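Below is one structure; the comments refer to it alone.
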Amino acid sequence: MIDKIMSSGLFRWIDDRSNIGSIIREHVTEYPAPRNLNYMWNFGSLAVLVLVLQILTGIFLAMYYKPSAALTYGGYTVAFDSVERIMRDVNFGWLIRYMHAVGASMFFVVVYMHIGRGLYYGSYKDPRELLWIIGVVILLLLQGTAFFGYLLPWGQMSFWGATVITNLFGAIPIAGDFVNQLLRGGFAVDDPTLNRFFSLHYLFPLLVAAIVGGHVHALHVVHSNNPEGIDIDHKKETIAFHPYYTIKDGFGVAVFLLFYCYFVFFEPTAWGYFIEVDNFVPANNLQTPAHIAPVWYLTPWYSILRSFPDKLTGVIAMGASLAILLVLPFLDRSKVRSARYRPMFRQMVIMFFISVVVLGYCGHSAPTETLTLVGRIATAVYFGFFLLLPFVNKFEKHKPLPEGI
Amino acid sequence: MSDQPDVSRRNFLYVIAGGLGGVAAAGAAVPFIGSMMPAADTLAASKTEFDISTVEVGQLVVIAWQGKPVFVVNRTKGMLDRVTGHNDSLKDPNSKAIEAVEAEWMQSEDQRVYRAIKPQYLVLIASCTHLGCIPLFKPSAGRKEWGDSVPSDWVGGWHCPCHGSFYDLSGRVINGSPAPHNLHVMPYKYLSDTTILIG
């Protein structure tokens, strides 16, 4: 099929002038992928799919969304009303908005699985350090994008979430107030904040799309890792990406779409996890909701913030918990990549995954004494993972590596 | 030879799978294209009520319907007299050329000529059928300030300032105008003696 298209006259005319054919062959159809990739390797292409869905649905939502905190005759705001109008009056508006809102959560499901896979199988190690670092930059941009986007409906949780997070930057010594006002465009979250968040919510995905290009390019320079984590023979132990992995990724897409569509059509708010209940109440700058929590995908880091009684320390710890991912490739001194052959590392990384889930649960719940304690223990485990990494290979005896895959 | 792949069967499956994928993609495009159509509240704003008793005899007012300008003229007896008698100079005296110049309420010949339910009140879409400018109301001949913009035998009507189309006092286009059709009419009805519902 693809051969037929690529040998057509029109394709050859374009190819002679752009060299597109060899780009497609090198990066898609004949890209040599390890023959033993398991289903954990599906999440990269799924992330690209969700990125495309988010950009597409976002473009259509922006045709109707109005970023203004001006009051309407109904006593609400232009932004809140425009979202409600999308839900009630715009043709298929409910569908496109729920695709976008559910898509945001799905993006993080997919990206966290993708990152977890990279951690477990040591995909961040030499020679893939830069590939990993680019990925962490994408994660940070995505979290920023999600945060900006969550303000746009101008509901109670939008407003108070943005208030809390912009206040975090106020904790920075000396420059705090300046940064705070720079983000808000005023002394409180208000109309100027909404306008600049809308602008940035449109800008960041474009940056993400560009950097994803760099991520894929870096991947194709150093080639894919594999579940065994060993260097492979690029002639004998690889198979062409097409048709083998296009079909396998396609199957993953079908399974993902079932999951995605279930939430879009049957549980778009996911019981308050994807869209929090309080966000159906219009923003009120004179009344804070009883319990403020970010959406689930930001709760682990919010929980780290809350684990420290001092505001500045909390902010620094939260920043460090993300920034430390950037230096992860240099903390891990072991030459063995895959956790399959590193018994101690395997237990550490599993503890790390559990700590993130526990942190997420604590961050989503109202703080109690017990949960604060649990959150602090999980925070210790989170940082402990990174602090132990440079030393673990001194004690660890790795299992014998296989000759090939 | 039985271990050779059956190529025609494989190609058939390719076409079927690709075709179904295409159908799915087209289906997924429906909500996106559909969302660009007028929203429910935009459609709900597509009807306009207007009290025509507020228009003085001989006066023209412009109101908005679906965001488009609409002329409402309270024609004097003299104006109504000048609607007839110049059929030879009209492109479409009985408003039959296209659907947009006709309306369901045009039952009698008189209503086709006067282009109104009640001859006195003319309600028309105020867009020149040439390129959409709003024509100027020039109801009688001999106003000096109009200069040469209207011909010497002007019976009254509209003159489009953009490209010089002429319409008579029933909004019918006069021969020699670049505009192809009479000014369009729209569905409307009388809710009471003085209130009309446009749309």
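Chains A and B are the protein sequences, given in the same order.
For the first sequence, the numbering used here begins at 1 and goes up steadily by one.
For the second sequence, the numbering used here begins at 406 and goes up steadily by one.
Note that the Cβ used here is the ideal one computed from N, Cα and C, for glycine as well.
Just so it is clear, the structure is predicted and the values come from calculations on it, not from any experiment.
Buried or exposed by the 16-neighbour rule on C-beta atoms within 10 Å, applied to Ile-601 (chain B): Per the 10 Å Cβ criterion, buried.
Contact criterion: CB-CB distance below 8 Å. Does Met-6 (chain A) meet it with respect to chain B? no
If you draw a straight line from the alpha carbon of Ala-546 (chain B) to that of Ala-62 (chain A), how long is it in whole angstroms? Going by C-alpha positions, Ala-546 (chain B) is about 52 Å away from Ala-62 (chain A).
Please say whether Ser-440 (chain B) and Phe-198 (chain A) have beta carbons closer to each other than 8 Å? no
Would you list, in chain order, the members of the segment 87-114 of chain A that have their beta-carbon closer than 8 Å to a beta-carbon of chain B? Arg-88, Asp-89, Val-90, Asn-91, Phe-92, Gly-93, Leu-95 and Ile-96
Span of the alpha helix (DSSP H) holding Ala-188 (chain A)? First-last for Ala-188 (chain A): undefined, no H or E at that position.
Do Gln-525 (chain B) and Arg-480 (chain B) come within 8 Å of each other at the CB atom, strictly closer than that value? For Arg-480 (chain B) and Gln-525 (chain B), yes; Cβs fall inside 8 Å.
Is it right to say Met-406 (chain B) is buried, meaning 16 or more other beta carbons lie within 10 angstroms of its own, or is it exposed? With a pLDDT of only 49 at Met-406 (chain B), under the threshold of 50, the placement of this residue in the model should not be trusted; the figure read from the coordinates follows. Exposed is the call here.
Assuming Pro-390 (chain A) and Asn-195 (chain A) form a contact by the criterion Cβ under 8 Å, report the distance between their Cβ atoms to the nearest whole angstrom. About 46 Å separates the two Cβ atoms, so there is no contact after all.
Can you find a C-beta in chain A that's less than 8 Å from the C-beta of Leu-588 (chain B)? no
Counting only beta-carbon separations shorter than 8 Å, does Phe-263 (chain A) have a partner in chain B? no
Quick one: does Ser-413 (chain B) have its CB under 8 Å from some CB of chain D? The question asks about chain D, but that chain is absent: this structure's protein chains are A and B.
Which residue's Cα is closest to the Cα of Phe-241 (chain A): A:Ile-14, A:Trp-41 and A:Gly-9? In terms of CA proximity to Phe-241 (chain A), A:Trp-41 leads the group A:Ile-14, A:Trp-41 and A:Gly-9.
Under 8 Å, do Gly-103 (chain A) and Thr-145 (chain A) count as touching if we go by C-beta distance? no
Strictly below 9 Å CB to CB, what residues from chain A border Pro-410 (chain B)? Near Pro-410 (chain B) there are no residues of chain A at all, since even the closest Cβ is about 13 Å away, more than 9 Å.
Quick one, are the C-beta atoms of Gly-170 (chain A) and Asp-177 (chain A) less than 8 Å apart? yes
Backbone secondary structure at Met-406 (chain B) - three-state DSSP: Because the pLDDT of Met-406 (chain B) is 49, which lies under 50, any placement of that residue in the model is unreliable, and the question is left without a value.
Using only alpha-carbon positions, find the residue among A:Tyr-361, A:Leu-257, A:Gly-155 and A:Ala-254 that is nearest to Asp-278 (chain A). A:Gly-155
Residues in the same chain with beta-carbon distance under 7 Å from His-100 (chain A), minus the five sequence neighbours each way, listed in chain order, please. Gln-54, Thr-57, Gly-58 and Leu-61
Just reading off the beta strand (DSSP E) that Trp-271 (chain A) is part of, what are its end residues? Here Trp-271 (chain A) belongs to no beta strand (DSSP E), and DSSP marks it neither H nor E.
With which residues is Asn-167 (chain A) paired in a DSSP beta bridge? The secondary-structure analysis by DSSP pairs Asn-167 (chain A) with nothing; it has no beta-bridge partner.
What separation, rounded to the nearest whole angstrom, lies between the Cα atoms of Ser-321 (chain A) and Glu-129 (chain A)? For Ser-321 (chain A) and Glu-129 (chain A), the distance between alpha carbons rounds to 18 Å.
Along chain B, which residues have their Cβ under 8 Å away from the Cβ of Phe-80 (chain A)? Under the 8 Å cutoff, chain B gives no residues; its nearest Cβ is about 15 Å from Phe-80 (chain A).
Taking 8 Å as the cut-off, decide whether the C-beta atoms of Leu-142 (chain A) and His-201 (chain A) are in contact. no
Quick check: His-589 (chain B) and Ala-521 (chain B), are their CB atoms within less than 8 Å of each other? Result no, Cβ atoms of His-589 (chain B) and Ala-521 (chain B) do not sit closer than 8 Å.
With which residues is Phe-476 (chain B) paired in a DSSP beta bridge? B:Val-467 and B:Leu-529
How many whole angstroms separate the CB atoms of Cys-567 (chain B) and Leu-541 (chain B), which I take to be in contact at a CB cut-off of 8 Å? Not a contact, Cβ separation roughly 10 Å.
Residues in the same chain with beta-carbon distance under 6 Å from Thr-269 (chain A), minus the five sequence neighbours each way, listed in chain order, please. Ile-275
Inspect the CB distances between the segment 300-313 of chain A and the segment 362-374 of chain A and report whether three or more fall short of 8 Å. yes
With distances taken between CB atoms, is the gap from Tyr-124 (chain A) to Ser-338 (chain A) smaller than 8 Å? no
Listing by chain order, which chain B residues have their CB less than 8 Å from the CB of Arg-85 (chain A)? Ala-444 and Asp-446
Would Met-63 (chain A) count as contacting chain B if we go by Cβ distances under 8 Å? With respect to chain B, the C-beta atom of Met-63 (chain A) has a partner C-beta closer than 8 Å.
Cβ pair Ala-531 (chain B), Val-467 (chain B) closer than 8 Å: yes
Spatial neighbours of Thr-599 (chain B) within its chain, please: CB distance less than 7 Å, with the 5 preceding and 5 following residues excluded, ordered by chain position. Asp-456, Ile-457 and Ser-458
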